[in-house]
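For the sequence shown, UniProt numbering begins at 1 and goes up steadily by one.
Below is one structure, written out as structure tokens, with a few remarks after it.
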Amino acid sequence: SAVAGTLTDGESIRKLAADVDVLTVEIEHIDTTSLATIEAEGRVAVHPSPRTLATIQDKYLQKMHMSSVPGVVLGDYADAPDAAAVAAAGEKWGYPLMLKARTLAYDGRGNAVVKSAADVTTAFASLSNNGNVALYVERWCEFTAELAVMVVRARDGTTLSYPVVRTEQRDSQCHTVVVPSGIPPQMVQAAQDVAKAAVGSLWGAGIFGVELFAMANGSVLLNEIAPRPHNSGHYTMDACVTEQHEMHLRAVAGL
């Protein structure tokens, strides 16, 4: 079935839902209110759950949720409703800081590095569109490597993971994926444990791209989660028996 519309067009989403048994998403930036209504009606299975999509699409809410999950460790973060909040974070943690839009931020979009106290006002005004875009701020993370794990969650909540990979960024976008990752075995296990705990705390089925930071002390911090096939998992199309897109469809369909 095909319906022409946008991801925020609730009417088009409901038209599509009328012709299918299972509804899933290509990206999380979608009208979750309409999806929640469809899910509540009970005729169509919606995966991942609209509750998961709503939690993840707002990165500040995602951080708040994950901060309460046992086994998941995050870097420091804070809401940034105004420039004063950013300045307060700088006084507490020092500079640089990472300023991020709460929604519609990915592949480097919606991010700004605040290098010093002198940059706070300009950075906040620019990224927030003079207060019209909600922001939050993160303490600068001195990681040794960026890691990623594709985790699949079944309808019954069971989670399985693909291998841990090391990602190399160019212009804030994933450019190269290295697998095997070359990191110590204990860090591989820690990354898988964090990723599976994070995905296990969510709702509904599907595949999730989990981004992580490897720290010098051997710990692994959660960066963020994408509730869908992810660019760090495209290697599975050539390297794995079951690639990430097929695995996503199997999970949401209950196969």
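All C-beta atoms in this analysis are idealised placements derived from N, C-alpha and C, irrespective of residue type, glycine included.
All values derive from a computational prediction rather than experimental measurement.
- In this structure, G71 sits near D193, with a CB-CB distance shorter than 9 Å.
- Taking all protein chains in view, the Cβ of K100 is crowded by 16 or more other Cβ atoms within 10 Å, so the residue is classified as buried.
- DSSP places K100 within a strand segment (E or B) once states are collapsed to three.
- Here T33 is near G10, since their CB atoms are less than 9 Å apart.
- Non-local C-beta neighbours of A214 in its own chain, meaning closer than 7 Å and more than five positions away in sequence, comprise F143, T144, A145, L147, I183, M187, V220, ordered along the chain.
- Every beta strand (DSSP E) of 3 residues or more that sits fully in the region 174-227 is shown, in chain order, as 206-214, 220-226.
- In this model, D119 and G131 are separated by some 16 Å (Cα to Cα).
- Note on the region 40-116: whole alpha helix (DSSP H) runs with a minimum of 4 residues are 50-57, 59-66, 83-93, in chain order.
- Spanning the alpha carbons of A80 and M247 requires a straight line of approximately 37 Å.
- In terms of Cα proximity to T37, the closest of H29, S49, E26 is S49.
- A contact is defined here as three or more CB-CB pairs under 8 Å, and the region 150-162 fails this definition with respect to the region 104-116.
- A direct Cα-Cα distance of roughly 17 Å separates D238 from R166.
- In this structure, V152 and V86 do not form a Cβ contact; the two beta carbons are roughly 37 Å apart against a cut-off of 8 Å.
- A distance below 7 Å between beta-carbons, with the five flanking residues on each side excluded, links A54 to the following residues of its chain, in chain order: T32.
- Residue pairing by DSSP puts E138 in a beta bridge opposite Y77, M98.
- For A154, there is no enclosing beta strand (DSSP E), as DSSP marks it with neither H nor E.
- Between E224 and K59 a beta carbon distance of about 6 Å is seen, short of the 8 Å cut, so the two are scored as contacting.
- As computed with DSSP, S161 is found in a beta bridge with V151.
- In the three-state scheme derived from DSSP, where H, G and I count as helix and E and B as strand, V22 is classed as strand.
- Burial check for R102: the Cβ neighbour count within 10 Å reaches 16 or more, so the residue is buried.
- Non-local C-beta neighbours of Q62 in its own chain, meaning closer than 8 Å and more than five positions away in sequence, comprise T55, I56, E224, I225, ordered along the chain.
- P185 is classed as exposed because its beta carbon has fewer than 16 other beta carbons within 10 Å across all chains shown.
- Scanning A205, V199, G204 for the CA closest to the CA of L212 turns up V199.
- Distance from the CA atom of G254 to the CA atom of A205, rounded to whole angstroms, is 8 Å.
- In this structure, DSSP gives A145 an extended state, which the three-state scheme calls strand.
- Take the alpha-carbon of G108 and the one of N217: they are about 27 Å apart.
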